[in-house]
Amino acid sequence: PGRTATTKPGEPVRFAGPAGELQGSWAEASDPQGALLVIHENRGLTPHFVDVVGRFAGASYSALCVDLLSAQGGTGSLGDPAAAPTALANTPPEQLVADLQAGIDELEKRVPDAKVGVVGFCFGGGMTWNLLQAGERRMAAAVPFYGPAPESPDFSKAKAAVYGIYGEQDERVNATRDRAEAALKTAGLTYEIRTFAGAG
């Protein structure tokens, strides 16, 4: 109440990664209730995600989206948007996870003492599951939106509360939902799975 939401988009940032400089989009909340790592879809750090981090900041969560195409010069340097999915598919998953963990490092510097949440969309939702699989213990919360789960998920080293979101008609990703839920249960994590009726 009384808080005015800002819709100011994120600003470009550069910071150290495990294999060179990373690019990203950062938006600072005026009174942060937490810090969020936002993971983009397979088209890279598009203007939509620059907007998304700003919207989270307006909702009191300082947010950073790492450009997972930084090693290729950044999403904007690819020229052809259709090149992004191929470039990401050709990047070793361990490298993507390491770049995202560097994003959490950066969030911890920018928002000290804040709890860290991770939210990812589609490809980014899959990467959210991969961070859980990697046992990234700094995540207090993880929200994979329609993200495919790893082949043999094991989330036993993670400690995040997980909110998995699915679309009823998304058969490809939904085929991985049961194994994700079974792994969450086995790991003893707090979780909720929600499937939106009629959603693609």
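The sequence shown begins at 19 in the numbering used here and counts up one residue at a time. For every residue, glycine included, the Cβ atom is placed at its ideal position computed from N, Cα and C.
- Excluding five sequence positions before and after A75, the CB atoms of its chain that fall closer than 7 Å to its own CB belong to T24, A45, E46, A47 and A81, given in chain order.
- Around the beta carbon of S43, 16 or more other beta carbons lie within 10 angstroms, which makes this residue buried.
- For F163, the CB contacts under 6 Å within the same chain, skipping 5 residues up- and downstream, are F139, G143 and I183 in chain order.
- In terms of Cβ geometry, E186 and A215 form a close pair [threshold 8 Å].
- A Cβ-Cβ separation of about 21 Å leaves V84 out of contact with D131 under the 8 Å criterion.
- DSSP places Q90 within a helical segment (H, G or I) once states are collapsed to three.
- In the DSSP assignment, G143 falls within the alpha helix (DSSP H) that extends over F141 to Q151.
- Relative to A105, the option among N60, V115 and A120 whose CA is nearest is N60.
- Spanning the alpha carbons of V31 and G52 requires a straight line of approximately 19 Å.
- When rounded, the separation of the alpha-carbon atoms in R212 and E199 is 11 Å.
- In the structure shown, Q51 adopts coil according to DSSP, grouped into three states.
- For E210, the enclosing beta strand (DSSP E) stretches over residues Y209 to F214.
- When the alpha-carbon of L63 is set against those of Q90, A37 and Y79, the nearest one is in Q90.
- Note that the C-beta distance between W147 and G135 is not below 8 Å.
- The beta carbon of E210 sits closer than 6 Å to those of Y181, all from its chain and outside the five residues before and after it, given in chain order.
- With respect to D123, Q151 sits apart: the two C-beta atoms are not nearer than 8 Å.
- Cβ neighbours of V115 within its own chain (closer than 7 Å, five residues either side excluded): N148, L149 and A152.
- The Cβ-Cβ distance between V71 and V56 falls below 8 Å.
- The C-alpha of G121 is placed about 20 Å away from the C-alpha of D49.
- Per DSSP, P103 is one residue of the alpha helix (DSSP H) stretching across A101 to A107.
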